[in-house]
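Enquirer: Below you'll find the structure I mean.
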Amino acid sequence: MEVEKVNGGILEKGDITEGETTEQGSVINASGHTDQLTRQYGLVGLTGIAVTVNNAWVVLGSSISVSILSGGISGVIYGLIVAVIYYTFIGLSISEFASSCPSSGGVYHWATIAAGPKWGRVTGFYTGWINFYGWMFGLASLVQVAANAGVQCYATVTPGFSPSAWHVYVAYLIVIWLSTFVVIFSNRLVPYTQKLGLFLVVAGGLVTIIIVAVMPSKHASSDFVWNSFHENNLTGWNDGVAFMVGILNGAFTIGTLDAITHMAEETKNPKKDLPRAIFLYISIGGVYALAFAIVLGYAISDLSVLQGNSNTFPLAGIYHQATGSAAATFALLFIILISSLCCVIGTVLTNCRTYWSLARDQAVPFSNYFSRVSAKLGTPVESTLFVAVIASGIGAIPLGSSVGFSNLTGSFIIITTVSYAIPIVSNVLSGRKRFSPGPFHLKNFGYWINGLTILLIVVFDVFFCFRKYSLARVFSEISLTSGSLRYAV
């Protein structure tokens with residue numbers, strides 16, 4: 004098909020076609036660029052990245068101390084179900100783009116095309132930067148999960164050890180730079196790390212779910228798990244608002260939808276495999292996260308273990324309640340640690356490919372420097388190092404303000420969904436005529452699905468901007484504690 008040719012960040016119609024070669028023998032890909040990266044990912048490898056980066060059940064467990072405030076475990080379960088449906092609609096629209104024009108730039112390339120020659124350049128520029136920084140905050144939160152899991156593993160087998168912020172930050176730096184070196188120096192091995200991550204998320208998740216389900220000597224009541232939303236709504240909002248605000252936790256669990264689209268130019272058959280991998284990850288992540296939420300609900304016997312400070316890993320308390328064993332708790336935490344390391348590797352990969360794509364289209368400072376790809380290593384080294392440096396800086400924020408860090412990383416969902424909405428809105432306004440149909444095409448349902456997706460993004464993002472606690476709860480806390488209440492947006 005005829006493709007759009009990139010010229011200084013603007014996609015223009017060219018006389019080249021996808022699959023043709025230049026005079027130097029380089030293959031032209033769907034984005035109009037020559038291939039510079041090795042196409043080493045098939046459907047299994049792509050699904051491995053998607054499921055591993057998402058790491059849904061681990062993320063759900065890691066944020067349980069916050070999410071349970073919005074209606075208890077009932078709110079967690081029902082909010083997750085709504086979030087999965089929400090991201091399924093977004094996935095339909097994103098999959099259609101990926102099937103038509105697979106590009107490492109992802110949403111910003113699609114926004115540029117959809118907005119047309121007049122507005123394409125500025126639309127794509129802002130979409131790209133919005134998406135990139137959303138993913139940087141997402142990367143920081145995932146590294147923090149791995150760092151907390153590592154520190155808690157040590158604390159579990161070391162009586163008397165009390166984790167502090169600097170312990171977690173040291174672990175954070177180890178995780179981010181170890182992952183960066185793997186991406187740079189072992190690019191050919193990265194697909195295997197993601198397949199390992201897929202195995203750990205699936206098999207490790209199954210083992211964890213079974214252990215947490217069968218080992219507790221006493222289980223919570225079904226009424227607590229399924230019907231205790233009102234009693235456990237501690238936000239100060241009425242139940243309806245609290246539920247809508249709490250869906251953010253479910254969205255954070257499942258919301259890594261465009262991660263693998265940035266691997267398009269390293270995929271053997273991206274037009275077919277990208278949509279397949281997107282829906283496989285939503286299905287696998289949704290099922291495992293839901294099952295894990297249910298067994299956690301039945302395993303909780305003392306909610307006080309979830310009220311630790313920002314540098315603890317409250318999930319460890321639930322594990323210890325369920326198993327009654329420090330050794331078993333360590334083993335379950337170790338599964339989280341290893342799967343999280345694989346997750347961080349995949350997320351560093353996603354972020355560096357995003358920034359490299361922006362640099363390739365002259366959309367970042369020093370573009371010629373950051374757009375380089377090492378011929379020896381087969382990876383954009385400079386862009387990868389840039390991502391690691393920025394992530395290291397974000398990770399230092401909890402040393403001064405854990406709330407500031409929570410606010411930034413919590414904005415991941417809002418920022419990335421805004422970046423999804425821009426190309427979808429542009430596509431609808433242009434009459435859905437700027438993209439040639441790929442193997443996955445919404446056909447006559449396109450306007451309806453795109454329109455509903457836009458509406459859902461607007462509605463949910465508005466609620467996600469609400470305070471976690473109502474002003475009534477804020478004033479109540481201030482009057483009771485005479486201290487400052489910390490809240491996350």
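Numbering-wise (the numbering used here), the sequence shown opens with residue 4 and increments by one. Even glycine gets a Cβ: it sits at the ideal position worked out from N, Cα and C. All of these numbers come straight from a predicted model, not from anything done at the bench.
Cα-Cα, which of Leu-209, Ala-399 and His-222 is closest to Ile-287?
Expert: Numbered from its first residue, the sequence shown carries residue 287 at position 284. Among Leu-209, Ala-399 and His-222, the Cα nearest to that of Ile-287 is on Leu-209.
Enquirer: Can you give, in chain order, each stretch of the alpha helix (DSSP H) that sits fully within the region 52–94 and has at least 4 residues?
Expert: Segments of the alpha helix (DSSP H) lying fully in the region 52–94: 59–65 and 67–70.
Enquirer: Taking the C-alpha atoms as reference points, what is the distance between Phe-469 and Gly-137?
Expert: Locating residue 469 in the sequence shown gives position 466, counting from the first residue. Locating residue 137 in the sequence shown gives position 134, counting from the first residue. If you take the alpha carbons of Phe-469 and Gly-137, they lie about 18 Å apart.
Enquirer: Since Ile-427 is in the alpha helix (DSSP H), which residue starts that stretch and which ends it?
Expert: Locating residue 427 in the sequence shown gives position 424, counting from the first residue. From DSSP, the alpha helix (DSSP H) with Ile-427 extends over 415–432.
Enquirer: Roughly how many angstroms separate the alpha carbons of Val-186 and Pro-194, rounded to a whole number?
Expert: As a position in the sequence shown, residue 186 is number 183, starting the count at 1. As a position in the sequence shown, residue 194 is number 191, starting the count at 1. Cα to Cα, Val-186 sits roughly 10 Å from Pro-194.
Enquirer: The alpha helix (DSSP H) with Gln-155 in it runs from where to where?
Expert: Locating residue 155 in the sequence shown gives position 152, where the first residue counts as 1. It spans 110–159 - the alpha helix (DSSP H) in which Gln-155 sits, taken as one unbroken run.
Enquirer: So, Asn-151 versus Val-171, is the Cβ gap smaller than 8 Å?
Expert: The count along the sequence shown starts at 1 and reaches residue 151 at position 148. The count along the sequence shown starts at 1 and reaches residue 171 at position 168. Cβ distance < 8 Å, so Asn-151 and Val-171 count as in contact.
Enquirer: Could you check the C-alpha separation between Leu-72 and Tyr-111 for me, to the nearest Å?
Expert: Residue numbering aside, residue 72 sits at position 69 when the sequence shown is read from its first letter. Residue numbering aside, residue 111 sits at position 108 when the sequence shown is read from its first letter. Their backbone Cα atoms lie some 36 Å apart in a straight line.
Enquirer: To which residues of the same chain is Asn-190 closer than 7 Å at the C-beta, ignoring the five residues directly before and after it?
Expert: Here residue 190 is taken as the residue at index 187 of the sequence shown, counted from 1. For Asn-190, where only same-chain residues beyond five positions count, the Cβ hits under 7 Å are Leu-380, Gly-381 and Thr-382.
Enquirer: Between Gly-253 and the rest of its own chain, which residues show a CB-CB distance below 6 Å, the 5 nearest in sequence each way excluded?
Expert: By 1-based counting over the sequence shown, the position of residue 253 is 250. For Gly-253, where only same-chain residues beyond five positions count, the Cβ hits under 6 Å are Gly-82, Leu-83 and Ala-86.
Enquirer: Look at the Cβ atom of Ile-76, then the Cβ atom of Phe-227, and state whether they are nearer than 8 Å.
Expert: In the sequence shown, counting from the first residue as 1, residue 76 sits at position 73. In the sequence shown, counting from the first residue as 1, residue 227 sits at position 224. Yes, the pair counts as a contact, with Cβ atoms nearer than the cut-off.
Enquirer: Which residues does DSSP pair with Tyr-44 in a beta bridge?
Expert: In the sequence shown, residue 44 corresponds to position 41, counting from 1. Note: Tyr-44 sits in a beta bridge opposite Thr-270.
Enquirer: I need the DSSP call for Asn-236, collapsed to helix, strand or coil.
Expert: In the sequence shown, the residue the question calls residue 236 occupies position 233. It is a strand residue.
Enquirer: State the DSSP-derived secondary structure class of His-170, mapped to helix, strand or coil.
Expert: The count along the sequence shown starts at 1 and reaches residue 170 at position 167. His-170 falls in the helix class under three-state DSSP.
Enquirer: Rounded to a whole number of angstroms, what is the C-alpha to C-alpha distance between Ile-177 and Val-298?
Expert: Here residue 177 corresponds to residue number 174 of the sequence shown, with the count starting at 1. Here residue 298 corresponds to residue number 295 of the sequence shown, with the count starting at 1. Each residue's alpha carbon lies about 32 Å from the other.
Enquirer: Considering Cys-346, what are the terminal residues of the alpha helix (DSSP H) in which it resides?
Expert: What you label residue 346 is simply residue 343 of the sequence shown in a count that begins at 1. Where Cys-346 is concerned, the enclosing alpha helix (DSSP H) stretches over 329–363.
Enquirer: Return yes when at least one heavy atom of the ligand GDP lies under 7 Å from the C-beta of Lys-275, else no.
Expert: The ligand content of the structure shown is nil, which means the ligand GDP is not present either.
Enquirer: Tell me the DSSP secondary structure of Lys-436 in three-state form.
Expert: The sequence position of residue 436 within the sequence shown is 433, counting from 1. Looking at Lys-436 - three-state DSSP - the assignment turns out to be coil, as it is neither helix nor strand.
Enquirer: Where do the N-terminal and C-terminal ends of the alpha helix (DSSP H) with Ile-303 fall, by residue?
Expert: Taking the sequence shown and counting its residues from 1, one reaches residue 303 at position 300. Premise fails: Ile-303 is in no alpha helix (DSSP H) and is neither H nor E.
Enquirer: Evaluate the contact criterion for the region 413–424 versus the region 452–472: three or more CB pairs, one atom per stretch, below 8 Å.
Expert: Taking 8 Å as the limit for Cβ pairs, the verdict is that the region 452–472 does touch the region 413–424.
Enquirer: Quick one: give me the first and last residue of the alpha helix (DSSP H) that Ser-395 is part of.
Expert: The residue labelled residue 395 in the question sits at position 392 within the sequence shown. Its alpha helix (DSSP H) spans residues 384–398.
Enquirer: Does Asn-58 pass the burial test, meaning 16 or more other C-beta atoms within 10 Å, or should it be called exposed?
Expert: In the sequence shown, residue 58 corresponds to position 55, counting from 1. Flag for Asn-58 reads buried.
Enquirer: Since I believe Ala-114 is in contact with Gly-127 (beta carbons under 8 Å), could you give me their beta-carbon distance rounded to a whole number of angstroms?
Expert: Within the sequence shown, residue 127 is the residue found at index 124, counting from 1. Within the sequence shown, residue 114 is the residue found at index 111, counting from 1. Contact flag correct, Cβ pair sits at about 5 Å.
Enquirer: Indicate the three-state DSSP secondary structure (helix, strand or coil) for Met-247 in the structure shown.
Expert: The residue given as residue 247 occupies position 244 in the sequence shown. It is helical.
Enquirer: Alpha carbons only, please: which of Ala-118, Leu-260, Thr-419 and Thr-456 is nearest the one belonging to Arg-435?
Expert: Here the question's residue 435 lines up with position 432 in the sequence shown. Taking only the C-alpha atoms, the option nearest Arg-435 is Ala-118.
Enquirer: Under three-state DSSP, which class holds Phe-259?
Expert: Within the sequence shown, residue 259 is the residue found at index 256, counting from 1. The sequence given here places Thr at residue 259; Phe does not occur at that position. It is coil, neither helix nor strand.
Enquirer: Could you check whether the region 327–344 touches the region 88–107, counting it as contact only if at least three pairs of C-beta atoms, one from each stretch, sit closer than 8 Å?
Expert: Cβ pair count under 8 Å is below three, so no.
Enquirer: Please report how far the alpha carbon of Asn-10 lies from the alpha carbon of Asp-364, in whole angstroms.
Expert: Walking along the sequence shown from the start, residue 10 turns up at place 7. Walking along the sequence shown from the start, residue 364 turns up at place 361. Caution is warranted here: a pLDDT of 42 is assigned to Asn-10, below 50, making its placement in the model unreliable, and no coordinate value can be reported.
Enquirer: For the alpha helix (DSSP H) that contains Pro-194, what are its first and last residues?
Expert: Against the sequence shown, residue 194 aligns to sequence position 191. 193–202 is the span of the alpha helix (DSSP H), which, as asked, contains Pro-194.
Enquirer: Going by CA-CA distance only, name the one from Tyr-157, Trp-180 and Ser-167 that's closest to Ala-143.
Expert: Reading the sequence shown from its first residue, position 140 is the one you call residue 143. Checked all of Tyr-157, Trp-180 and Ser-167; the closest Cα to Ala-143 is Trp-180.
Enquirer: Let me confirm a value: His-265 is counted as buried when at least 16 other C-beta atoms fall within 10 Å, else exposed. Which label applies?
Expert: Stepping through the sequence shown from its first residue, residue 265 is reached at position 262. Flag for His-265 reads buried.
Enquirer: So, for Ser-374: in the same chain, excluding its five sequence neighbours on each side, which residues have a beta-carbon less than 7 Å away from its beta-carbon?
Expert: Indexing the sequence shown from 1 puts residue 374 at position 371. For Ser-374, where only same-chain residues beyond five positions count, the Cβ hits under 7 Å are Trp-359, Ala-362 and Arg-363.
Enquirer: Assuming contact is defined by CB atoms lying nearer than 8 Å, are Thr-259 and Gly-141 in contact in what I supplied?
Expert: Taking the first residue of the sequence shown as position 1, residue 259 is located at position 256. Taking the first residue of the sequence shown as position 1, residue 141 is located at position 138. Closer than 8 Å, so yes.
Enquirer: Taking the Cβ atom as the reference point for each residue, do Ala-206 and Tyr-301 lie within a distance shorter than 8 Å?
Expert: To locate residue 206, count along the sequence shown from 1; it is residue 203. To locate residue 301, count along the sequence shown from 1; it is residue 298. No, the Cβ-Cβ distance between Ala-206 and Tyr-301 is not below 8 Å.
Enquirer: Determine the direct distance from the alpha carbon of Val-154 to that of Ile-213, and round the result to whole angstroms.
Expert: Translated into positions along the sequence shown, residue 213 becomes position 210. Translated into positions along the sequence shown, residue 154 becomes position 151. Each residue's alpha carbon lies about 25 Å from the other.
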